[in-house]
Amino acid sequence: MLQRNTEELVRRLAVALRGIDLYSPTHPLVQRGIDALSATVLDALREAPSIVIGLIGDEIVVDAVRLPRGTATLIGFARDLREREIEKITFTQGLTREEIRSFVTFLGDREARIPLADRLTTRGVRHIALGKIVVEDVTDDQVGIAAARRVYTTAVETAESLWQAAQAGDQPDTGAARKIIDGLARMVTQDRTSLMALTTLKKYDNYTFTHMVNVSALAMAQARALNIEGTLLREFGFAALMHDIGKVHTPLEVLNKPDKLTTEEFEIMKRHVVDGAHILRRTPEMPALAPIVAFEHHLKQDLSGYPEKIGNRRLNLCTMIVSVADVFDALRSNRPYRQGLATTRIRAIMGEQGNPAFNQVLLKRFVNLMGLFPVGNLVRLSTEELGVVTAEHPTDPFRPQVKIIVDAEGETLEEPLLANTWERDSRGEHPRAVIEAVDPESVGIDPLKYM
Ligand SMILES: [Fe+2]
Ligand SMILES: [Fe+2]
Numbered sequence: 016m017l018q019r020n021t022e023e024l025v026r027r028l029a030v031a032l033r034g035i036d037l038y039s040p041t042h043p044l045v046q047r048g049i050d051a052l053s054a055t056v057l058d059a060l061r062e063a064p065s066i067v068i069g070l071i072g073d074e075i076v077v078d079a080v081r082l083p084r085g086t087a088t089l090i091g092f093a094r095d096l097r098e099r100e101i102e103k104i105t106f107t108q109g110l111t112r113e114e115i116r117s118f119v120t121f122l123g124d125r126e127a128r129i130p131l132a133d134r135l136t137t138r139g140v141r142h143i144a145l146g147k148i149v150v151e152d153v154t155d156d157q158v159g160i161a162a163a164r165r166v167y168t169t170a171v172e173t174a175e176s177l178w179q180a181a182q183a184g185d186q187p188d189t190g191a192a193r194k195i196i197d198g199l200a201r202m203v204t205q206d207r208t209s210l211m212a213l214t215t216l217k218k219y220d221n222y223t224f225t226h227m228v229n230v231s232a233l234a235m236a237q238a239r240a241l242n243i244e245g246t247l248l249r250e251f252g253f254a255a256l257m258h259d260i261g262k263v264h265t266p267l268e269v270l271n272k273p274d275k276l277t278t279e280e281f282e283i284m285k286r287h288v289v290d291g292a293h294i295l296r297r298t299p300e301m302p303a304l305a306p307i308v309a310f311e312h313h314l315k316q317d318l319s320g321y322p323e324k325i326g327n328r329r330l331n332l333c334t335m336i337v338s339v340a341d342v343f344d345a346l347r348s349n350r351p352y353r354q355g356l357a358t359t360r361i362r363a364i365m366g367e368q369g370n371p372a373f374n375q376v377l378l379k380r381f382v383n384l385m386g387l388f389p390v391g392n393l394v395r396l397s398t399e400e401l402g403v404v405t406a407e408h409p410t411d412p413f414r415p416q417v418k419i420i421v422d423a424e425g426e427t428l429e430e431p432l433l434a435n436t437w438e439r440d441s442r443g444e445h446p447r448a449v450i451e452a453v454d455p456e457s458v459g460i461d462p463l464k465y466m
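Just so you know, we're using my numbering here: the sequence shown kicks off at 16 and counts up by one.
Laid out in structure tokens, this is it:
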């Protein structure tokens, strides 16, 4: 965007906000302000996927370019944002005039108790996100593996209650689902490492519910890495959480069958995509994305999956992201018919000859995101020691940092030993290398204890 246009955009936003502060939402001056703002924003969004207005100190920054200081309007605007504790406003493509109107009107209502971001969500404003530039004040009990575990455990419990409601024919409680999503979205933004470590655990036996939460977390992590945030990020999380909800109608003997399904049984299994879309479509306050993703998540990139014969269509971006997370989590988990696979194996299977099932670009990004040996994985070293991956090397996925907890003789160390497997000894060799991932169950170790 040209700087002139940028300034004009911010100026119009400032004018619109001042208008709503002074007059009622229906006042012609307010409407004119909203019209002027809409024209500029929508115009700018034709050229860029998003526009980010940020406040850093007293400076206003648009798409990382600082605006010249000066006019009273801009100074007042900066002060206003600070008072409202807004440090960042993101407009994304798809934005409508109606959304801009809701946004400006909401900002005028200073008395409201509910946080602005939540009110935007409930009013369906999806293409404007409010945020802070610095990570929100994080207290110690909100980060780290213990905090992540709390969020995760609550999420799995809530997922179970959503499932049961749907199974009983009731409408799943979207409020409860939203709480899950908020917790996971916060983790994805503030402490992705801990959350990802939890999703790679295999020891849980309640697959149905951990699968819901894992797919949601893995989908949001991918979306976040694509710079999707705010309301849209949460909608992705929502859709991912509910992708398999249609399975509440799948008979248990089909759902949990340890052997290969017969053709007939597979036909029954396939119904969960249509059933899911149906349940989600009639659930109030469910984002419109959710039934779409439920319907599409087994279609595959080349439409060779199911439902069959649905004609030509392009999969939604969220569906592509969810499909990657879905298959990854299914292969990684212990199932009645096989042990969970190591990340290296999964990666090979999903990437095979540019597997047409997945969007290969997204898959590649996902693999990079997860690492070869994700944090929290238990691994065996070339020295026969066992350790937990505590950090990834920024460029070399084969050489993470590992906390060694069992020595070469199989004795548990009293003091775990931190080792950087990328370091070389005096002869220029690597004394330790990661050989393989180890199933923590098989050796009775809880790797997360050591993070
Ligand atoms: Fe499914
Ligand atoms: Fe699934």
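Heads up, the beta-carbon is just placed ideally off N, CA and C, and yes, glycines get one too.
**Item:** Rounded C-alpha distance that separates Ala406 from Cys333
**Value:** Each residue's Cα considered, the two are about 28 Å apart.
**Message:** Beta-carbon distances below 5 Å to any heavy atom of ligand 2 define the shell here; list its residues in chain order, please.
**Reply:** Counting only beta-carbon distances shorter than 5 Å to the non-hydrogen atoms of ligand 2, the qualifying residues in chain order are Asp259 and Asp341.
**Message:** Please report the distance separating the alpha-carbon of Asp124 from that of Arg329.
**Reply:** Cα to Cα, the separation comes out at about 40 Å.
**Message:** With distance defined between alpha-carbon atoms, name the residue in Arg61, Val67, Asn271 and Pro389 nearest to Leu28.
**Reply:** For the residues Arg61, Val67, Asn271 and Pro389, the minimum Cα distance to Leu28 belongs to Val67.
**Request:** Taking all protein chains shown into account, decide if His42 is buried (16 or more other Cβ within 10 angstroms of its Cβ) or exposed.
**Result:** With fewer than 16 other Cβ atoms within 10 Å, it is exposed.
**Prompt:** Which word fits Leu433, buried or exposed, when buried means at least 16 other C-beta atoms lie within 10 angstroms of its C-beta?
**Reply:** Leu433 counts as exposed, since fewer than 16 other C-beta atoms from the protein chains shown sit within 10 angstroms of its C-beta.
**Prompt:** Quick one: what does DSSP say Arg353 is sitting in, helix, strand or coil?
**Reply:** Three-state result, Arg353: strand.
**Prompt:** Using a Cβ-Cβ cut-off of 7 Å (strictly less than) and excluding sequence neighbours within five positions of Ile450, which residues of its own chain qualify?
**Reply:** Cβ within range, chain order: Arg395, Leu396 and Ser397.
**Asked** Of the choices Ala423, Thr427, Leu384 and Val269, whose alpha-carbon is the least far from that of Tyr352?
**Response** It is Val269.
**Request:** Taking all protein chains shown into account, decide if Pro389 is buried (16 or more other Cβ within 10 angstroms of its Cβ) or exposed.
**Result:** The residue is buried, with at least 16 neighbouring Cβ atoms inside 10 Å.
**Prompt:** Secondary structure at Glu151, three-state DSSP: helix, strand or coil?
**Reply:** At Glu151 the pLDDT is 40, less than 50, meaning the model places this residue with poor confidence; the figure from the coordinates comes in the next sentence. Three-state DSSP puts Glu151 in coil, outside helix and strand.
**Request:** Check the DSSP bridge columns for Gly146 and list the partner residues they point to.
**Result:** Lys103.
**Request:** Compare the C-alpha of Gly72 against each of Asp58, Leu96 and Ala54 and name the closest.
**Result:** With respect to the C-alpha of Gly72, the residue from Asp58, Leu96 and Ala54 having the closest C-alpha is Leu96.
**Request:** At 3 residues or longer, and completely inside the stretch 216-244: list those beta strand (DSSP E) runs for me, N to C.
**Result:** List check, beta strand (DSSP E) in window: nothing returned.
**Asked** Who does Lys418 pair with in a DSSP beta bridge?
**Response** Residue pairing for Lys418: DSSP places it in a beta bridge opposite Val403 and Leu433.
**Message:** Bridge partners for Glu451 per DSSP, in chain order?
**Reply:** Note: Glu451 sits in a beta bridge opposite Arg395.
**Item:** Within 8 Å, strictly: CB atoms of Ala174 and Ile336
**Value:** Contact: no.
**Request:** Check whether the Cβ of His312 sits closer than 7 Å to any heavy atom of ligand 1, and report yes or no.
**Result:** His312: yes, Cβ under 7 Å from ligand 1.
**Request:** Specify the secondary structure class of Ser65 as computed by DSSP and reduced to three states.
**Result:** Strand, per DSSP.
**Prompt:** Do His142 and ligand 1 come close, with the Cβ less than 7 Å from some heavy atom?
**Reply:** No.
**Message:** Assuming Gly48 and Val77 are in contact, meaning their beta carbons sit under 8 Å apart, how far apart are those beta carbons, in whole angstroms?
**Reply:** Going by Cβ atoms, the distance from Gly48 to Val77 rounds to 19 Å, so no, they are not a contact pair.
**Request:** Kindly indicate which residue of Arg286, Leu248 and Ile243 has the alpha-carbon position closest to the one of Val263.
**Result:** If you compare the alpha carbons of Arg286, Leu248 and Ile243 with that of Val263, the shortest gap goes to Arg286.
**Request:** Figure out for me which residue from Pro83, Ile160, Arg94 and Glu22 has the closest Cα to the Cα of Lys464.
**Result:** The residue with the shortest Cα to Cα distance from Lys464 is Ile160.
**Request:** Would you kindly work out how many angstroms separate the C-alpha atoms of Leu80 and Glu74, rounded to a whole number?
**Result:** Before going further, note that residue 80 is Val rather than Leu in the sequence given. Computed Cα separation, rounded: 10 Å.
**Prompt:** According to the Cβ coordinates, are Leu177 and Ala191 closer than 8 Å?
**Reply:** Yes, Cβ-Cβ distance for Leu177 and Ala191 is below 8 Å.
**Prompt:** Can you tell me whether DSSP reads Ile75 as helix, strand or coil?
**Reply:** In the structure shown, Ile75 sits in a strand (DSSP, three-state: E or B).
**DSSP bridge partner residues for Arg81 (one or two, in chain order)** = DSSP, once it has assigned bridges, lists Val76 as partnering Arg81.
**Request:** Measure the CB-CB distance between Asn327 and Val308 and report whether it falls below 8 Å.
**Result:** Result no, Cβ atoms of Asn327 and Val308 do not sit closer than 8 Å.
**Prompt:** Roughly how many angstroms separate the alpha carbons of Gly443 and Ala292, rounded to a whole number?
**Reply:** If you take the alpha carbons of Gly443 and Ala292, they lie about 58 Å apart.
**Request:** Check whether the Cβ atoms of Leu199 and Ala170 sit closer than 8 Å, and answer yes or no.
**Result:** Yes. Within cutoff.
**Asked** DSSP three-state call for Thr427: helix, strand or coil?
**Response** Thr427 carries a strand assignment under DSSP once its states are collapsed to helix, strand and coil.
**Asked** With a Cβ-Cβ cutoff of 8 Å, do Ser231 and Ala163 count as a contact?
**Response** Cβ atoms of Ser231 and Ala163: not closer than 8 Å.
**Prompt:** So, are the CB atoms of Thr410 and Leu387 less than 8 Å apart?
**Reply:** Taking the C-beta atoms as reference points, Leu387 is found no nearer than 8 Å to Thr410.
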